[in-house]
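Undergrad: Quick one: the structure is below, and I'll ask about it shortly.
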Amino acid sequence: MRVGLIKEIKSKENRVGLTPNGVAELIVRGHRVLVEQGAGMGSGFGDQDYHGAGADIVDAAHAWDQELIVKVKEPVESEYRYLKQQIVFTYFHLAGQPKALTEALLKAKTSAVAYETLENGNGRLPLLAPMSAVAGNMAVQMGCYYLAACNGGKGVMLGMVLGRRHGQVFIIGDGVVGSQAARVAVGLGARVTVAGLFPENGERLKREISSDIEYVISTPETVAEHVRKADLLIGAVLMHGARATHVVTEEMVKSMQPGSVIVDVSIDQGGCIETAHPTTHEAPVYAKHGVIHYCVSNMPGAYPRTSTLALTDATLPYVLKLADGGLAALASDAGFARALNTHQGYITCQPVAEFHAMQNSYRPFPDQFQKL
Numbered sequence: 002m003r004v005g006l007i008k009e010i011k012s013k014e015n016r017v018g019l020t021p022n023g024v025a026e027l028i029v030r031g032h033r034v035l036v037e038q039g040a041g042m043g044s045g046f047g048d049q050d051y052h053g054a055g056a057d058i059v060d061a062a063h064a065w066d067q068e069l070i071v072k073v074k075e076p077v078e079s080e081y082r083y084l085k086q087q088i089v090f091t092y093f094h095l096a097g098q099p100k101a102l103t104e105a106l107l108k109a110k111t112s113a114v115a116y117e118t119l120e121n122g123n124g125r126l127p128l129l130a131p132m133s134a135v136a137g138n139m140a141v142q143m144g145c146y147y148l149a150a151c152n153g154g155k156g157v158m159l160g161m162v163l164g165r166r167h168g169q170v171f172i173i174g175d176g177v178v179g180s181q182a183a184r185v186a187v188g189l190g191a192r193v194t195v196a197g198l199f200p201e202n203g204e205r206l207k208r209e210i211s212s213d214i215e216y217v218i219s220t221p222e223t224v225a226e227h228v229r230k231a232d233l234l235i236g237a238v239l240m241h242g243a244r245a246t247h248v249v250t251e252e253m254v255k256s257m258q259p260g261s262v263i264v265d266v267s268i269d270q271g272g273c274i275e276t277a278h279p280t281t282h283e284a285p286v287y288a289k290h291g292v293i294h295y296c297v298s299n300m301p302g303a304y305p306r307t308s309t310l311a312l313t314d315a316t317l318p319y320v321l322k323l324a325d326g327g328l329a330a331l332a333s334d335a336g337f338a339r340a341l342n343t344h345q346g347y348i349t350c351q352p353v354a355e356f357h358a359m360q361n362s363y364r365p366f367p368d369q370f371q372k373l
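Just so we're aligned, residue 2 is where the sequence shown starts under the working numbering, counting upward by one.
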């Protein structure tokens with residue numbers, strides 16, 4: 002199969018979909034890989050590294066004009082013109098993106114295979130996990146930075162000072178992002194509370210990270226109580242393929258002290274905090290009701306080398322399956338099948354159809370796989 006590796010053009014996005022070693026794996030299997038010029042530079046991989054792995058270095062138009070496209074982030078508007086009847090394997094987060102992207106995929110009859118809805122045998126999201134871990138680490142780091150008075154924050158340090166914990170961190174969500182953020186915040190020495198839905202997850206966090214973590218069941222009342230006291234609020238809510246639910250209302254945000262910080266990691270899927278809207282690495286924060294909001298929609302792009310290495314480790318087995326067998330690889334793997342979001346002009350992920358009110362364009366998986 003002919004595989005195109007695309008250079009990301011989203012603001013400050015320096016990750017790349019495959020390392021040179023990943024490209025070499027495809028070449029060994031007899032596939033041809035065309036890498037867009039400069040695709041890996043931001044992650045420390047030069048064109049010569051990809052050429053040495055056996056790839057051809059081409060311009061954007063030629064890289065996109067292939068059967069299988071490998072990216073990191075969803076196509077932006079200027080890339081819609083390249084879409085055609087092909088497989089595009091990347092993070093899409095269609096339920097949190099403008100409707101125009103979904104419409105462009107349908108018009109081009111593109112098979113959109115989304116990293117974030119691919120499941121393994123345990124129903125988990127293996128391609129979301131590595132970037133969620135990076136984002137969880139970053140959430141606490143960004144919170145620390147913006148809490149500093151010199152950066153507009155309230156001047157509270159997240160850390161242990163002479164045996165006493167300082168700073169209250171409230172994390173909504175106990176998945177990979179929430180767990181990783183809790184690990185970092187506790188390690189710094191902050192007081193940490195995590196809100197989730199299942200008591201057993203709280204026991205897991207206490208056992209695996211620290212008995213100092215407070216775990217509460219997420220209800221409007223408990224969330225409101227802990228938001229009000231938080232120096233740093235981290236939104237880490239995940240809905241498989243769907244838009245994140247607003248767990249924190251604007252009234253709750255108003256109750257926070259001036260100079261407190263919000264990091265909404267769920268912003269890729271629309272955000273779980275009502276006052277959140279997407280920002281970029283170039284302009285990462287804004288203030289609302291005196292509270293600093295950090296809502297960068299591609300947080301791991303700030304650490305492209307680490308992110309690219311971790312992402313390729315996770316995605317490469319699936320890239321190889323798509324290159325070897327095309328969409329037939331999905332037909333034999335129910336978890337992989339859930340990664341298909343659009344195909345042959347139809348939406349194949351129900352939460353996406355519901356979010357964009359495009360139910361007439363929805364076709365369930367069994368109908369689509371008859372055409373693969």
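Just so it is clear, CB atoms sit at the ideal spot from N, CA and C, and this is done for glycine as well. Predicted model only: the values in this text are computed from it and were never measured.
With distances taken between CB atoms, is the gap from glycine 197 to glycine 174 smaller than 9 Å?
TA: Numbered from 1 along the sequence shown, position 196 holds the residue referred to as residue 197. Numbered from 1 along the sequence shown, position 173 holds the residue referred to as residue 174. Contact flag set, yes.
Undergrad: What do you reckon, are the CB atoms on valine 135 and serine 267 nearer than 9 Å?
TA: For this step, residue 135 is matched to residue 134 along the sequence shown. For this step, residue 267 is matched to residue 266 along the sequence shown. For valine 135 and serine 267, no; Cβs fall outside 9 Å.
Undergrad: Between which two residues does the alpha helix (DSSP H) holding aspartate 325 run?
TA: Indexing the sequence shown from 1 puts residue 325 at position 324. Unbroken alpha helix (DSSP H) run through aspartate 325: 305–326.
Undergrad: Starting from valine 286, trace the beta strand (DSSP E) both ways and give me its first and last residue.
TA: Residue numbering aside, residue 286 sits at position 285 when the sequence shown is read from its first letter. Start and end: 286–289.
Undergrad: Write down the C-beta distance between glutamate 1 and aspartate 57 rounded to the nearest angstrom, noting that I regard them as a contact closer than 8 Å.
TA: For the chain, the structure presents residues 2 to 373; residue 1 sits outside this window and is missing.
Undergrad: Would the beta-carbon of methionine 119 fall within 9 Å of that of serine 261?
TA: Mapped onto the sequence shown, residue 119 falls at position 118. Mapped onto the sequence shown, residue 261 falls at position 260. The sequence given here has leucine at residue 119, not methionine. No, the pair does not count as a contact, with Cβ atoms beyond the cut-off.
Undergrad: Contact between the stretch 4–18 and the stretch 308–325: three or more CB pairs below 8 Å?
TA: Yes, the stretch 4–18 touches the stretch 308–325.
Undergrad: Going by DSSP, what residue range makes up the alpha helix (DSSP H) through valine 187?
TA: Position 186 of the sequence shown, counted from the start, is the residue given in the question as residue 187. First-last of the alpha helix (DSSP H) with valine 187: 177–189.
Undergrad: Can you tell which of Lys74, Met2, Leu69, Val34 has the C-alpha that lies nearest to the C-alpha of proline 305?
TA: In the sequence shown, counting from the first residue as 1, residue 305 sits at position 304. Considering only alpha carbons, the answer is Lys74.
Undergrad: So what's serine 261 in DSSP terms, helix, strand or just coil?
TA: Taking the first residue of the sequence shown as position 1, residue 261 is located at position 260. Looking at serine 261 - three-state DSSP - the assignment turns out to be coil, as it is neither helix nor strand.
Undergrad: With DSSP run on the structure shown, which of helix, strand or coil describes tyrosine 92?
TA: What you label residue 92 is simply residue 91 of the sequence shown in a count that begins at 1. Tyrosine 92: coil per DSSP, three-state reduction.
Undergrad: So what does DSSP say about aspartate 269, is it helix, strand or coil?
TA: Within the sequence shown, numbered from 1, the residue matching residue 269 stands at position 268. It is helical.
Undergrad: First and last residue of the alpha helix (DSSP H) that includes glutamine 142?
TA: The count along the sequence shown starts at 1 and reaches residue 142 at position 141. Looking at the DSSP string, the run of the alpha helix (DSSP H) that includes glutamine 142 is 130–148.
Undergrad: What does the Cβ neighbour count give for alanine 144, buried or exposed, with the cut at 16 atoms within 10 Å?
TA: To locate residue 144, count along the sequence shown from 1; it is residue 143. The identity of residue 144 in the sequence shown is glycine, whereas the question assumes alanine. Buried, by the Cβ-count rule.
Undergrad: What distance in whole Å lies between the Cβ atoms of glycine 176 and leucine 239, which are believed to be in contact at a cut-off of 8 Å?
TA: Here residue 239 is taken as the residue at index 238 of the sequence shown, counted from 1. Here residue 176 is taken as the residue at index 175 of the sequence shown, counted from 1. Leucine 239 to glycine 176, Cβ: 5 Å. Contact.
Undergrad: What would DSSP say about isoleucine 1, mapped onto helix, strand or coil?
TA: In this structure the chain extends from 2 to 373, so residue 1 is not present and cannot be described.
Undergrad: Please classify proline 200 as buried or exposed, where buried requires at least 16 neighbouring CB atoms within 10 angstroms.
TA: Your numbering for residue 200 matches position 199 in the sequence shown. Exposed is the call here.
Undergrad: By a C-beta neighbour count over all protein chains shown, 10 Å radius and 16 as the cutoff for buried, is aspartate 269 buried or exposed?
TA: Here residue 269 corresponds to residue number 268 of the sequence shown, with the count starting at 1. By the 10 Å Cβ count, aspartate 269 comes out buried.
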